[in-house]
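Numbering (the numbering used here), first residue to last: 63 to 296.
So this is what it looks like as structure tokens:
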């Protein structure tokens, strides 16, 4: 967590009176963005998530370009500057209904440079326009494409929040297919119950609330529970 916030570049205009460390200033600003309303719309959730993109600007020295991974649009961050570098396959958070590569690229780049590794961020399809199986299929195709470009031992899966759930669902598919597994998996606050039935909203939560969880539950109510809830056995 400390490394994550240290990676955030906090602009002076974001927090002009903050005299504390960069990571604390970033955290303070994130929590000041305000909670979503108690009965949010899809547009409100997506707009809230998009605000984080300017909080975490991308280093201008990092080149980005778009690639197609078996039909899946992806953003590639050229952070390692090496031909045979490790690649991080990152699945962004956002409840599977929001978020994008553009929101996360600024925070991921400095972390990847420390590995060092390149980053591939799939622009996977989102609910409710698409189903969870379709979203998982995007993750599978992105991994299959990347594993043809390099050895699976040079791939690290990384996902946070709902992106962590997507990384685990991808792993389930790979294990069932007896496919080559990645070298490592990094999960940051992964959602392991996409039915959200086990989550208890807190008044001090800077982002989520009961209304948000109710909205997300509605998006996935027709998806089989076996797909959405992951136990230690799976």
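For glycine and all other residues, C-beta sits at the position ideal for the given N, C-alpha and C. Computed from a predicted model, the values in this text were never measured in an experiment.
Buried or exposed: which applies to residue i, given that a residue is buried once 16 or more other Cβ atoms fall within 10 Å of its Cβ?
i	result
residue 280	exposed
residue 130	exposed
residue 150	buried
residue 184	buried
residue 230	buried
residue 65	Low confidence applies to residue 65: its pLDDT is 43, below 50, so where it sits in the model is not reliable, and the reading given next is rough at best. Residue 65 should be labelled exposed.
residue 127	exposed
residue 190	exposed
residue 239	exposed
residue 234	exposed
residue 237	exposed
residue 180	buried
Do residue i and residue j have their CB atoms nearer than 8 Å?
i	j	result
residue 194	residue 104	no
residue 225	residue 155	yes
residue 253	residue 223	yes
residue 186	residue 200	yes
residue 198	residue 232	yes
residue 140	residue 172	no
residue 153	residue 221	yes
residue 203	residue 132	yes
residue 138	residue 170	no
Measuring CA to CA, which of the options is closest to residue i?
i	options	result
residue 241	215, 190, 273	215
residue 123	276, 108, 143	143
residue 119	111, 132, 166, 133	166
residue 134	234, 188, 213	188
residue 251	228, 137, 202	228
residue 196	174, 260, 282, 107	282
residue 110	180, 174, 206, 161	161
residue 125	113, 101, 175	175
Whose C-beta lies closer than 7 Å to the C-beta of residue i among residues of the same chain, with five residues either side of it excluded?
i	result
residue 217	149, 151, 208, 209, 244, 245
residue 102	273, 274, 277
For residue i, I'd like the list of residues in its chain whose CB is within less than 6 Å of its CB, leaving aside the five on either flank, ordered along the chain.
i	result
residue 157	224, 278
residue 168	118, 119, 120
residue 293	Confidence in residue 293 is poor, its pLDDT being 46 and thus under 50, which makes the residue's placement unreliable; the coordinate value appears in the next sentence. Taken in chain order, the list of residues that qualify is empty.
Who are the Cβ neighbours of residue i in its own chain at under 8 Å, not counting the five residues just before and after it?
i	result
residue 178	141, 142, 143, 144, 147, 148
Let me check one thing: in DSSP terms, what residues is residue i bridge-paired to?
i	result
residue 184	136
residue 148	179
residue 221	153, 249
residue 128	137
residue 101	Partner(s): none; residue 101 has no beta bridge.
8 Å is my cut-off, CB to CB: does residue i come that close to chain C?
i	result
residue 233	As a matter of chain content, chain C is missing from the structure shown, which is built from one protein chain.
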